[in-house]
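Chains as they are written, first to last, in my numbering: chain A, 457 to 955; chain B, 303 to 767. Below is one structure, written out as structure tokens; the observations come after it.
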Amino acid sequence: MLIFEESRPGRRARAQAPLTSPDSADLPAHLRRQRPPALPEVGELQAVRHYTRLSQQNFSIDTHFYPLGSCTMKYNPRACHALASLPGFLGRHPLSPPSHSQGILACLFELQEILAAVTGMHAVSLAPAAGAQGEFAGVAMIRAYHRARGDLARREILVPDAAHGTNPATAAMCGFQVREIPTGPAGDLDLQALQAALGPQTAGIMLTNPSTIGVFERGIQAVADRVHQAGGLLYYDGANLNAILGKVRPGDMGFDVIHMNLHKTFATPHGGGGPGAGPVGVAARLAPFLPLPLVARDGPDYRWLEEADRPQSIGRLTAFGGNMGILLRAYIYARLVGREGMGRIAEYATLNANYLFTRLVAAGFEPAYGQRRASHEFILTLRREVRELGVTTMDVAKRLLDYGFHAPTTYFPLLVPECLLIEPTETETPEELDRFVAALTAIRAEAQTDPELVKSAPHSLPVRRLDDVRAAREPDLAWRPGRITDAAGPRGRSGKAED
Amino acid sequence: MPFIPHTPDQVRAMLAAIGVEDIDDLFDEIPPALRAGDLSTLPEALPEMTVARLMAARARADGQPLCFIGAGAYDHHVPAAVWQLLSRGELYSAYTPYQAEASQGTLQILYEFQSMMTALTALDVSNASLYDGASAVAEAILMAVRASRHGKVRRVLIPRGLHPRYRAVAQTIVSQQDIELVEVPFDPSGGHLTLAALEPLAAEPFAALVVPQPNFFGVLEEVDTLTDWAQAHGALVIAVVNPLALALLSPPGEWGSQGADIACGEAQPFGMPLASGGPYAGFLCCKQALMRQLPGRIAGRTLDLDGKPGYTLTLQAREQHIRRSRATSNICTNQGLLVTAATIHLALLGAEGLARTAAACHANTRRLVERLGETRGVTPRFHRPVFHEQALRLPAPAADVLRSLAAHNILGGFDLGADYPELDPAILVCATELRTNEDIDAFAAKLARVIATRSQARCPVEPKF
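This is the structure we're talking about:
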């Protein structure tokens, strides 16, 4: 039931609004609203119960193993939430003067320093509000760097065919042409194809390492040398930073610019799809172009660096400098984990992934890159099961939900057929990993004896398999007053597509 | 080991199962030359109790001043239920609802949010959020350019009276695609957009006109006239609105004869604490005809195998993971948890609660301006009606006045001089529903004293106290 359907005229959560409605008759009549908006009218208990019940229809890290490859669904420590929610932090206005900002600026400055040190970059800006905005900032800096040198011919960004969709989308958003580079059979970038693609039009290359295939790009030094020789820059997509945190630094691999996903590697919550935070780090030659604001230290005092301090900056990305509450959580996490803990994150994430990989392969599942060491994640292909048993990877993923596991990432990367990308993270116990192996093995057995059970999964969730085609063909994107809802679905205005 | 649960025995057994001696062997594909060297500059690990002490001191250091700054971030009451519900792990620690059947809670909340935002703006479609108000304006501009004659017109009119930070962010983002933002001056006495200022800029085609309501100065724009004018020139209208103000003010979908085409803005007034500037949530709504140009996630209602209603992410053919370099935007993860805050906040307040809150902000700011105006030389900078902010001319340098007030733990407004030298010395003040009469009186008394002290200090004879 929608909150709108629980609404009754005249009912309100009366504690939540001012007691009286002051006169606002001085607002000009022609600019005033004629009819009130159709918002629900509910009491406070109704609202609390409604949203509590809705929350119970979610899988989450706190309730389920969530091995969603490339998303690093690790435990979000409660201390990070509690301490970032102290009244002094929540009540601070973003435009407060320096006299009322030293506490938070100290945290942000130290976070910049920690992130720069652990990634081997010269300087860090915390401004990007998410990974995709970090990518945008990174590619915009590459563009600004070439332009500042008068090198206007560099119009092309290279992207591996296995890359996340954000990479080509970002390059296009920054006005670049995108050229894809194939991946070789062992999972490394095809160096010959790279060499052939490089030229005076090359602005840079966007790489994830370990790659989206879940293996370390062994030719990274050769890739870096060749791209640099061609005058291009190297962009590091930090999606998989959890695999190497404290073990290998992107700066040492030759990357000129990186972004990090603090909602992955630094354990900040995913919140049902954000907020994230996507700080960018750069080599010295790109530092003038970093997005604003930055935090600087002058003696004992901290201050913002703004346009006047950084005239070559690519500029601002959000009104107030980024997702501060998320940056605070990441800072708290970094202090809890500390120097000793950073390297352990990569070690145990890799241990868990390789253990799960080994056990699943021993159980008869086919690895996509069996001759390679897994990083913090790995790929299985279910092409044999699909061929022999007639169930799809999506069916298996949906059946996993019935077993109480969130499904791994499915059908990505695009170049491996019928694939599952599995990332357990370091915060899971081996017992949980064993249970996951048992579930996947049991589902395969079900597919042999009762394939319909798998094909029609899930069976134990609030809804059964949803009709995505109907959702896209007959978009129903908002409730409207007066609409009658029944078991067969909505009637009345459903917002038909006009294409 | 913080947040790593393995026992030594388990580690030994796992390594044996994998067939390696120790954990370091798992990194054997990484060239030794690349292994991280010195990490000694990183701080050492601290127990939670020590970090708690450190953070409490840092939070305390920033004081809890009496705040009369608005300028795009507003100190509103947040019902206790909002963040208590948000802190439930099922909402806090879930991810983007890729597996719809296991994410019905988040998906239904996104659908309810979209329903509430379309109701507030009187438009057909809403997405499920962007990063913040400023980035929403940038995405709205990109959307309008894509929609305009197949992206051929790359010129957008943007008022100088729009939030300076929003203009800066829009510039950062759209300049990458060589889109020209043409600044439209505000009327020097009204602070608003006029057709007289617009007409000379319409000689060349433009894809869209950005219309803020209210604008950065709190001033109300003549939205009907502006909308009709822009649409008569074949351009789209992008409304940038404070969504709380829409409880009292005409919604973008009803502006002029056709309604604005796109509405966007900052949802922070709905359940999001100031929190130094984020996380907040941008919103973006549009007419049906522009639906497939919308960037970002959208939740839709559909049916399951049994014909039972359910929710799923939809229209994904617009998005980066499907369309790659031809996507409407690179955005993926956005502000899901804050959308949840806004949805619960709106459910708790309803239309009546929202209207009361908006009216209280309006009345408090009116009272604030009256009280501050009792000090000689402090006068409204613009004569037009405002929502809940007002630009005030000061008889002394604004930075000095604000610094003196801050020393008394009052944040007395936003200094307009840096962004608008033509208005200097002037400040922008705001009093939300949380500021009491006593707060306002305290500010007025302190401002009077600060200005009196300054004018005495400028006397040739040293004043005696």
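Beta carbons are placed, not taken as given, at the ideal position from N, Cα and C, and that holds for glycine.
Shown here, B:Q366 sits in coil according to DSSP, grouped into three states, outside any helix or strand. With a beta-carbon spacing of about 14 Å, B:T420 and B:S431 fall beyond the 8 Å limit used to define contacts. With a minimum length of 3 residues, the unbroken runs of beta strand (DSSP E) contained wholly in the stretch 782-862 of chain A fall at 834-837. Counting every other CB atom within 10 Å of its CB across the protein chains shown gives A:V925 a total below 16, marking it as exposed. Neighbourhood of A:L896 in chain B, by CB distance below 8 Å: empty, with the nearest CB roughly 16 Å away.
Interface with chain B (7 Å Cβ-Cβ cutoff): A:N514 is included. B:K454 and B:V447 have their alpha carbons spaced roughly 8 Å apart.
Secondary structure of A:I700 (DSSP, three-state): coil. Around the beta carbon of A:P554, fewer than 16 other beta carbons lie within 10 angstroms, which makes this residue exposed. Partner residues in the beta bridge of B:P461, as assigned by DSSP, are B:V486.
Rounded to the nearest whole angstrom, the C-alpha separation of A:P706 and B:I443 is 35 Å. Contact between A:V595 and A:Y691 holds, with the beta-carbon distance rounding to 7 Å and staying under 8 Å. One thing to note: A:P735 has its Cβ within 7 Å of the Cβ of A:V580.
In this structure, A:P493 lies away from A:I459, with their beta-carbon atoms at least 7 Å apart. The beta-carbon distance between A:Y531 and A:A723, rounded to whole angstroms, is 7 Å. This is short enough to meet the 8 Å contact definition. DSSP, reduced to helix, strand and coil, places A:R753 within a strand of the structure shown.
Under DSSP, A:I878 takes part in a beta bridge, and its partners are A:L524 and A:F834. Cβ atoms of A:R795 and B:P345 come within 8 Å of each other, at about 7 Å. By the criterion of at least three beta-carbon pairs nearer than 8 Å, the stretch 642-655 of chain B is in contact with the stretch 464-482 of chain A. Runs of the beta strand (DSSP E) lying entirely within the stretch 501-581 of chain A, each at least 3 residues long, are 579-581 in chain order.
The beta carbon of A:L922 falls within 7 Å of a beta carbon belonging to chain B, placing the residue at that interface.
Along the stretch 542-556 of chain A, going in chain order, the ones with a CB nearer than 8 Å to a CB of chain B are L542, P543, G544, F545, L546, G547, R548, H549, P550, L551, S552, P553, S555 and H556. The three-state reading of DSSP puts B:A728 in strand, counting E and B together. Residue pairing by DSSP places B:P514 opposite B:V542 in a beta bridge. Our two residues, A:R791 and B:V353, have alpha carbons roughly 7 Å apart in a direct line. Pairing A:A540 with A:G781 gives a Cβ-Cβ distance under 7 Å. A residue is called buried once 16 or more other Cβ atoms fall within 10 Å of its Cβ, and B:S706 is buried on that count.
Of the residues B:A662, B:G374, B:Y582 and B:R756, the one whose Cα lies closest to the Cα of B:N517 is B:G374. The DSSP assignment places complete alpha helix (DSSP H) segments of no fewer than 4 residues inside the stretch 307-342 of chain B at 310-320, in order along the chain. Cβ neighbours of A:G846 within its own chain (closer than 6 Å, five residues either side excluded): P907. From the beta-carbon of B:I600, the residues of chain A found nearer than 9 Å are P931 and L933. Runs of beta strand (DSSP E) with 3 or more residues, each lying fully within the stretch 589-649 of chain B, are found at 601-605 and 611-615, listed in chain order. Those residues of the stretch 562-593 of chain B placed with their C-beta closer than 9 Å to a C-beta in chain A are E568, P575, L576, A577, S578, G579, G580, P581, Y582, A583, G584, Q590, A591 and M593, ordered along the chain. Restricting attention to A:T897, A:L746 and A:A809, the CA atom closest to the CA of A:G820 is found in A:T897. Shown here for A:V893: same chain residues with a beta carbon closer than 8 Å to its own, the five before and five after excluded, namely L812, R815, L816 and A819 in chain order.
Looking only at B:L495, B:I753 and B:Q386, the smallest Cα-Cα distance to B:V521 is reached by B:L495.
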